[in-house]
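Counted the way the working numbering counts, the sequence shown spans residues 62 to 363.
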Amino acid sequence: MVSKPMTLIDSYIRKRVLLAMLVVISLVLSIDVVFALVEELGDSENAYTSAQALLYVLKTLPSRVFQLLPFTALGGSLIGLGVMASHNELIVIQSAGVSTWRLVWAVLKPAFVVMIAGLVLGEYIAPTLQQSAQSSKAVLRSGVQAIDAGQGSWRRIGDEFVHVNAIAPGGESLYGVSRYRLTGAELESADSKPKAAIGLASISFAQSAQYIDAVEGGYWRLENVSETRFLADSVVTAQRESEDWLVDLSPELLAVLLVAPDRQSISGLYNFARFFESQGLDSDRYMLSFWGKLLQPLATLA
Numbered sequence: 062m063v064s065k066p067m068t069l070i071d072s073y074i075r076k077r078v079l080l081a082m083l084v085v086i087s088l089v090l091s092i093d094v095v096f097a098l099v100e101e102l103g104d105s106e107n108a109y110t111s112a113q114a115l116l117y118v119l120k121t122l123p124s125r126v127f128q129l130l131p132f133t134a135l136g137g138s139l140i141g142l143g144v145m146a147s148h149n150e151l152i153v154i155q156s157a158g159v160s161t162w163r164l165v166w167a168v169l170k171p172a173f174v175v176m177i178a179g180l181v182l183g184e185y186i187a188p189t190l191q192q193s194a195q196s197s198k199a200v201l202r203s204g205v206q207a208i209d210a211g212q213g214s215w216r217r218i219g220d221e222f223v224h225v226n227a228i229a230p231g232g233e234s235l236y237g238v239s240r241y242r243l244t245g246a247e248l249e250s251a252d253s254k255p256k257a258a259i260g261l262a263s264i265s266f267a268q269s270a271q272y273i274d275a276v277e278g279g280y281w282r283l284e285n286v287s288e289t290r291f292l293a294d295s296v297v298t299a300q301r302e303s304e305d306w307l308v309d310l311s312p313e314l315l316a317v318l319l320v321a322p323d324r325q326s327i328s329g330l331y332n333f334a335r336f337f338e339s340q341g342l343d344s345d346r347y348m349l350s351f352w353g354k355l356l357q358p359l360a361t362l363a
């Protein structure tokens, strides 16, 4: 049973350390936000106002806080103990019979609080706001330049290479969907006689896509589709108002595309890595980020 004096000492140390952590993260975060805002306003590709740039930076604050937590825990603990040492408070506490290990345990308690807060922030709050910020930014960019290979995300899905220019928050609406379907063995011919070849089978572009959540399985409804098919002896073009895109790619996975791996949730990283593996793609980048985020609470505690 912990004595009342020890409880008071624990409470005092906890307040000191948490206050120091708050000061450290406030100072570092303020500098980070200023540089981020200047970078956004100075980027010529960003077609939004100062208010929109500020909103984007504010939405990314939880992700920035999460990344700063290990440094905050270390810096706050050192500064908090340093202030106490400068006032000879640690000497007084040890003179009262409190061991060094007991002091370490008292400092670890607020670190546990920060670790749990970091888990909640990094898993539920930061990824959602980060994806919303990136999606809004991409949509604003796409309003200026609808198709730009330097923007959006490229992914291989089956025998297609897909480029999505912008993903709406939640991942259920896409803008500027380009699909390049490859053939690995043969191409069709106008007389239905296949001829051996390896190359590009078709190119299609849809202005937008909406996810349809059906009972037997979800699919994407493409709108305003333009398609060019490369046959063995001719090229065929077609225009369609809509087309169903049957692909095993949920909005939850698509929502991850615009967010850097180090700013995604642990569950999102794991699911996306599994999806990459199912497509025969390299998932090392996402698995590395997955283990990094999974072990980050231990880094905060250390």
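All C-beta atoms, glycine included, are put in the ideal place defined by N, C-alpha and C.
C-beta atoms of residue i and residue j nearer than 8 Å
i, j, result
"residue 221", "residue 241", "yes"
"residue 120", "residue 178", "no"
"residue 126", "residue 90", "yes"
"residue 81", "residue 137", "yes"
"residue 114", "residue 102", "yes"
"residue 311", "residue 188", "no"
Alpha-carbon spacing of residue i relative to residue j, whole angstroms
i, j, result
"residue 198", "residue 147", "48 Å"
"residue 334", "residue 149", "52 Å"
"residue 111", "residue 92", "18 Å"
"residue 244", "residue 290", "11 Å"
"residue 344", "residue 305", "28 Å"
"residue 349", "residue 330", "9 Å"
"residue 86", "residue 100", "21 Å"
"residue 69", "residue 155", "14 Å"
"residue 339", "residue 273", "22 Å"
"residue 361", "residue 132", "8 Å"
"residue 182", "residue 135", "18 Å"
"residue 157", "residue 83", "29 Å"
"residue 67", "residue 184", "35 Å"
"residue 223", "residue 175", "40 Å"
"residue 216", "residue 281", "16 Å"
"residue 219", "residue 171", "48 Å"
"residue 152", "residue 65", "19 Å"
Of the residues the options, the one placed nearest residue i, counting alpha carbons only
i, options, result
"residue 328", "186, 165 and 100", "186"
"residue 169", "180, 190, 139 and 144", "139"
"residue 324", "357, 65, 278 and 144", "357"
"residue 279", "299, 313 and 298", "313"
"residue 145", "215, 354 and 74", "74"
"residue 293", "261, 309, 277 and 299", "261"
"residue 79", "162, 167 and 66", "167"
"residue 142", "218, 76 and 67", "76"
"residue 309", "71, 67 and 277", "277"
"residue 124", "72, 281, 192 and 176", "192"
"residue 72", "88, 307, 164 and 98", "164"
"residue 353", "116, 180, 162 and 88", "180"
"residue 299", "322, 88 and 263", "263"
Environment of residue i [buried if 16+ CB atoms lie within 10 Å]
i, result
"residue 368", "One cannot answer for residue 368 here, as it falls past the ends of the chain, which runs 62 to 363."
"residue 130", "buried"
"residue 173", "exposed"
"residue 301", "exposed"
"residue 275", "exposed"
"residue 233", "buried"
"residue 295", "exposed"
"residue 337", "buried"
"residue 104", "exposed"
"residue 96", "exposed"
"residue 238", "buried"
"residue 297", "exposed"
"residue 303", "exposed"
"residue 160", "exposed"
Interface flag, residue i vs chain B, CB-CB below 8 Å
i, result
"residue 169", "Included in the structure is just one protein chain, with no chain B present."
- Given 8 Å, three or more beta-carbon pairs between the stretch 285–295 and the stretch 264–276: yes
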